[in-house]
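Please read the structure below before turning to the comments.
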Amino acid sequence: MGNLPAYRLRALRPFNICGVDFCGPFSTTYRIRAGRTNWGWQRILI
Numbered sequence: 139m140g141n142l143p144a145y146r147l148r149a150l151r152p153f154n155i156c157g158v159d160f161c162g163p164f165s166t167t168y169r170i171r172a173g174r175t176n177w178g179w180q181r182i183l184i
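Mind the numbering: the sequence shown is residues 139 to 184 in our numbering, read in order.
Written out as structure tokens, the structure is:
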């Protein structure tokens, strides 16, 4: 594993630098709604 860049080692406030990543679409089926298929996306906060 390589060395971390200097900006990753500085002490900063939480969530001062963050990113958002989306993945999908995912097919989901709800049994409550008579098996209707919906499409959804996953959001990941980095």
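No residue lacks a Cβ here, since even glycine has one placed at the ideal position from N, Cα and C. Just so we're clear, the structure is a prediction, and the values are computed from it rather than from any experiment.
### Query
Span of the beta strand (DSSP E) holding residue 183?
Note, residue 183: beta strand (DSSP E), 174-183.
### Message
With the cut-off set at 8 Å, would you say residue 157 and residue 180 are in Cβ contact?
### Response
no
### Query
Between which two residues does the beta strand (DSSP E) harbouring residue 168 extend?
158-168
### Task
Return the CA-CA distance between residue 184 and residue 174, expressed in angstroms with no decimal places.
32 Å
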